[in-house]
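The sequence shown maps to residues 0 to 500 in numbering that gives the first Met the number 0. Beta carbons: idealized from backbone N, C-alpha and C, even for Gly. All remarks here apply to the structure that follows.
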Amino acid sequence: MSWLLALPFFIPITTALIAFLARGRKHLCSVISITGCFAALCVSIAIVTLVVSGGPQAAQMGDWQAPYGITLIADRLSAVMLLISAIVGLCVALFAISDINENRVKLGFHCFFQLLLAGVSGSFVTGDLFNLYVWFEVMLIASFALLVLGGEKIQLDGGIKYVALNLVSTLLMLTSIGLLYGLTGTLNMAQLHISLAEVDNPVAISTLAVIFICAFGIKAAIFPLFFWLPASYHVPPVAVTAVFAGLLTKVGVYALIRTFTLIFPNDLGFTQNILLGAALLTMLTGVLGAAAQYEFRKILSFHIISQIGFLILGLALNSPLALAGTVFYMIHNIVAKTNLFLISGTAQRLAGSYELNEIGGLYKASPLLSTFFFIAAFSLAGFPPLSGFWAKLLLVKASLDQTAYFVTAVALITGALTLFSMSKIWAEAFWKPHPQGHCKSLYSLSVAERLQRLLPVSLLASITLILGFMPEPFIEYALGTAGELLHPDDYLEAVLTGSSH
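Here it is as structure tokens:
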């Protein structure tokens, strides 16, 4: 079992090393990267299958028993996050063939891309907080390298803002980990669930909870800690932005979910109020910021923030239905948001700009690309029966069950404003004529480039349609995941006794 749980990060690390050695040959690097992503996808499918049939699966590295050794653990939440991350990695690797130029490949794009995927996967399977910090640092280093790769002035400006605020998160995380170890003598998450409940120091526990919210909140880009995201996500090549949009903030959300369903006592009511307030403000500020933008990627970047608010909302409501809504919403959002950024890159390739007032005519020139945009954009807005509708429905139902009518109102207003932003992109970029009277069609691209751009987009659009038109098995999986999060007995038993169900 240990080797299987280690493969999600071991494969991309190995792929990164091989890609580094071959970085002088663009097409060979692409083949290596795609092969590594496909292998990681196969492993993640095996892990999901194993977890669904046998419950949480744990492994102790070096046969050091928990809580003393390095624990790897896959439950329903981490397994599905591994799977969706592998899908995103494969799609972006395919798209990068045409999007990433030879110079960036020589500078190590595929190496850093694979290291980023290793950091993401490692964060999902680690069973202790210190190794979560290690994987966060791997992600930070790799993402900063990808952000500034090429050395353009705008990239360096965005990279400095990105790394400065994320270093604050690192400092807060290290501080909270040190204090937590001082209180309990362990950093194993399963052991912390037991040990922290025995600590008779509510002030210290409450302080730690707030520090963790700030540390992981910066990574997740919640209000008011999100300013690094719109300042940096529009500056690198779109393949880089797509993987950032799909995965990086979601690792922060995953860390918050894991921390406040497993580690801290459930009676910390004030933390739920903090998370609820942050969720609502994140939803509103993100969607209002998007409504004010007229650049394709900047609109999508602000919507990343807005959608994070929905994910935190489920954690704040903390009911089985709300957490199921968060899990389903996370799957839907990762797919739709990654796809929208990939589509924006192809739109720029055909229309010549990301500025909405400088482009147009995409619907007439490329109906297929327009269809893919419609699927992803209106799913994001919660248009029935696409996947975003079911995700929002679960969260709205959860808020109504708790008579949180103001929360419901904010969610519905955010959804309406999201629809406004997506309609603005549709009207400006796709529907209106191009200001210069001409927009390239997909058929102006080579057959190879069309395939490289459309294959990942069509795959992600297909997943969105499957989630929307056949939601029952995915909602059932999300409900099962919520049950595990709220009642982690199987998780604790798998880690601390080495048995699974």
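List the residues that DSSP assigns as beta-bridge partners of Ile193.
-> By DSSP's assignment, Ile193 forms no beta bridge with any residue.
Near Leu155, what residues of its chain come up, given a Cβ to Cβ distance below 7 Å and the 5 sequence neighbours on each side ignored?
-> Within the same chain, Leu155 has close Cβ partners Val147.
Are the beta-carbon atoms of Phe123 and Ala144 separated by less than 8 Å?
-> It is not a contact, given that the beta carbons lie outside the stated cut-off.
How would you write the range of the alpha helix (DSSP H) that Leu146 sits in, first residue to last?
-> Element bounds for Leu146: 128-147.
Where DSSP assigns a beta bridge to Met60, which residues make up the other side?
-> Answer is Ile69, bridged to Met60.
Is the number of C-beta pairs between the region 190-201 and the region 163-175 that are closer than 8 Å three or more?
-> Counting C-beta pairs with one atom in each stretch, the region 190-201 and the region 163-175 have fewer than three that are closer than 8 Å, which means they do not touch.
Closest Cα partner of Val209 within the set Met172, Leu128, Asp74 | Measuring from the Cα of Val209, the nearest candidate turns out to be Met172.
Run the CB neighbour count on Leu411, radius 10 Å, all protein chains shown included, and call it buried at 16 or more, exposed below.
-> Exposed: under 16 other Cβ atoms inside 10 Å.
Looking at C-alpha atoms only, which residue of Cys28, Ser77, Ala163 is the closest neighbour of Val51?
-> Out of Cys28, Ser77, Ala163, Ser77 has the C-alpha closest to the C-alpha of Val51.
Run through the region 206-247 for me and flag every whole alpha helix (DSSP H) of 4 or more residues, listed as ranges in chain order.
-> Qualifying alpha helix (DSSP H) stretches, in chain order: 227-231, 237-242.
Measuring CA to CA, which of Lys391, Ile221, His486 is closest to Phe327?
-> Comparing C-alpha distances from Phe327 to each of Lys391, Ile221, His486 shows the shortest one belongs to Lys391.
Return the CA-CA distance between Arg103 and Leu93, expressed in angstroms with no decimal places.
-> When rounded, the distance between both Cα atoms is 16 Å.
Helix, strand or coil for Glu151 per DSSP?
-> Reduced to three states, the DSSP call for Glu151 is coil.
Exposed or buried, which one is Phe269 when buried takes at least 16 other CB atoms within 10 Å?
-> Phe269 counts as exposed, since fewer than 16 other beta carbons sit within 10 angstroms of its beta carbon.
Under a three-way DSSP split, which group does Thr337 fall into?
-> DSSP places Thr337 in helix when its eight states are reduced to three.
Inspect the CB distances between the region 393-405 and the region 336-355 and report whether three or more fall short of 8 Å.
-> Segment contact: the region 393-405 against the region 336-355, fewer than three CB-CB distances shorter than 8 Å; contact not assigned.
Report, in whole angstroms, the separation of the C-beta atoms of Ala141 and Leu106, which I expect to be a contact under 8 Å.
-> The distance from the Cβ of Ala141 to that of Leu106 is about 13 Å, inconsistent with a contact at the 8 Å cut-off.
DSSP three-state call for Thr125: helix, strand or coil?
-> Correct three-state label for Thr125: strand.
Who are the near neighbours of Gly360 in its chain, counting only those whose CB is closer than 6 Å to its CB and skipping five residues on each side?
-> Counting only residues of its own chain and dropping the five nearest sequence neighbours on each side, Gly360 has a CB closer than 6 Å to the CB of Pro432, His433, Cys438.
Inter-residue spacing [alpha-carbon to alpha-carbon] between Ser422 and Ala415 = Cα to Cα, Ser422 sits roughly 10 Å from Ala415.
Does DSSP put Asn102 in a helix, in a strand, or in coil?
-> Residue state, collapsed to three classes: helix.
Any idea what DSSP makes of Asn200, helix, strand or coil?
-> Note: Asn200 maps to coil in three-state DSSP.
Applying the criterion that 16 or more other CB atoms from any shown protein chain within 10 Å of the CB defines a buried residue, is Val446 buried or exposed?
-> It is exposed - the Cβ of Val446 has fewer than 16 other Cβ atoms within 10 Å.
By DSSP, does Asn165 sit in helix, in strand, or in coil?
-> In the structure shown, Asn165 sits in a helix (DSSP, three-state: H, G or I).
Simplified DSSP state of Asn332, which is helix, strand or coil = The three-state secondary structure of Asn332, taken from DSSP, is helix.
Kindly list the residues whose CB is nearer than 6 Å to the CB of Ser378, restricted to its own chain and excluding five residues on each side of it in sequence; keep chain order.
-> Cβ within range, chain order: Ala335, Leu385, Ser386, Gly387, Thr463.
Please list the segments of the beta strand (DSSP E) lying wholly inside the region 296-328, counting only runs of 3 or more residues, in order along the chain.
-> Annotation note: the region 296-328 contains no uninterrupted beta strand (DSSP E) run of length 3 or greater.
Using DSSP bridges, identify the partner residues of Asn272.
-> Note: Asn272 sits in no beta bridge, so no partner.
If you draw a straight line from the alpha carbon of Tyr362 to that of Asn332, how long is it in whole angstroms?
-> So the two alpha carbons sit approximately 24 Å from each other.
Around the C-beta of Lys152, are 16 or more other C-beta atoms found within 10 angstroms, so that it is buried, or is it exposed?
-> An exposed status is given to Lys152, since fewer than 16 other beta-carbon atoms sit within 10 Å of its beta-carbon.
Going straight from the alpha carbon of Phe373 to that of Ser97, what length do you get?
-> When only Cα atoms are considered, Phe373 and Ser97 end up about 23 Å apart.
Within 10 angstroms of the Cβ of Pro236, are there 16 or more other Cβ atoms? Answer buried if so, exposed if not.
-> Residue burial is scored here from C-beta neighbours: Pro236 has at least 16 other C-beta atoms within 10 angstroms and is therefore classed as buried.
8 Å Cβ cutoff met for Ile221 and Ala277 | Yes, Cβ-Cβ distance for Ile221 and Ala277 is below 8 Å.
Specify whether the region 68-76 and the region 309-316 touch according to this definition: at least 3 beta carbon pairs, one from each stretch, less than 8 Å apart.
-> Touching, no, given that fewer than three Cβ pairs across the two stretches are closer than 8 Å.
Tell me whether Gly23 is buried or exposed, calling it buried when 16 or more other Cβ atoms sit within 10 Å of its Cβ.
-> Gly23 comes out exposed.
Starting from the C-beta of Val119, find all residues in its chain whose C-beta is less than 7 Å away, skip the five residues before and the five after it, and write them out in chain order.
-> Taken in chain order, the residues that qualify are Ser84, Met138, Leu246, Val250.
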